[in-house]
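Engineer: To start, I am sharing the structure in question, which I have written as structure tokens.
Below is the structure:
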């Protein structure tokens, strides 16, 4: 079983700057409390093939996660796929950014969660939790981006 969750939020910062912030996955702990640590391999700008290795805490358990960037189209599109072998993974996901007439940016994050082994029985719970948190997740992204990028 698999399923998707998503969140959309308007950020009061220019699309180029929002894209640069979100493309650097090392910023994820600023808006995702489950991310305890994250590294980018190789160093340098995020590109197709860039890998982000993280340690996350879900349901009280720490797990290692590996995501590979599969598409980068600045300033609008970023896609990734999880390569980890955990019970529940984000098999694919991404950000879609749209410039707004106000000079801000509409950000849509989406992930497809997939269960593996016994995780096939758990993915429904993970998906329900992710969907419930999605609006707050969007608000955390907005707050983190706006705090990190000075207002024009």
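Numbering (the numbering used here), first residue to last: 466 to 617. Cβ coordinates follow ideal geometry from the N, Cα and C atoms, glycine included.
What are the start and end residues of the alpha helix (DSSP H) that includes residue 496?
Structural biologist: Element bounds for residue 496: n/a, residue is neither H nor E.
Engineer: Checking contacts by CB at 7 angstroms: is residue 512 closer than that to chain E?
Structural biologist: Here chain E cannot be found, since the structure has a single protein chain.
Engineer: Within 10 angstroms of its Cβ, does residue 519 collect 16 or more other Cβ (buried), or is it exposed?
Structural biologist: The residue in question, residue 519, is buried, as its Cβ has 16 or more Cβ neighbours within 10 Å.
Engineer: Terminal residues of the continuous alpha helix (DSSP H) containing residue 487?
Structural biologist: Looking at the DSSP string, the run of the alpha helix (DSSP H) that includes residue 487 is 480-488.
Engineer: Alpha carbons only, please: which of 514, 531 and 565 is nearest the one belonging to residue 475?
Structural biologist: Nearest option by C-alpha distance: 565.
Engineer: Whose C-beta lies closer than 8 angstroms to the C-beta of residue 502 among residues of the same chain, with five residues either side of it excluded?
Structural biologist: Result list for residue 502: 494, 519 and 520, in chain order.
Engineer: Where does residue 618 sit, in a helix, a strand or coil, going by DSSP?
Structural biologist: Nothing about residue 618 can be read from this structure; the chain reaches only from 466 to 617.
Engineer: In or out: residue 548 buried (at least 16 other Cβ within 10 Å) or exposed?
Structural biologist: So residue 548 counts as exposed.
Engineer: Let's see if you can read the secondary structure: which residues bound the beta strand (DSSP E) around residue 562?
Structural biologist: Per DSSP, residue 562 belongs to the beta strand (DSSP E) from 553-564.
Engineer: Taking the alpha carbon of residue 469 as the reference point, which residue from 596, 603, 539 and 604 has its own alpha carbon closest?
Structural biologist: Checking every option, the nearest Cα to that of residue 469 belongs to 596.
Engineer: Buried or exposed for residue 579, going by 16 or more other Cβ atoms inside 10 Å?
Structural biologist: Classification of residue 579: buried, given that the 10 Å Cβ count is 16 or more.
Engineer: Three or more C-beta pairs under 8 angstroms: does that hold for the stretch 583-590 against the stretch 561-575?
Structural biologist: Cβ pair count under 8 angstroms is below three, so no.
Engineer: I'd like the list of long-range same chain contacts for residue 584, defined as Cβ closer than 6 angstroms, with 5 residues on each side in sequence excluded.
Structural biologist: Taken in chain order, the residues that qualify are 552 and 553.
Engineer: Is the CB-CB distance between residue 558 and residue 575 below 7 angstroms?
Structural biologist: Yes; because the gap between Cβ atoms is below 7 angstroms, this pair is in contact.
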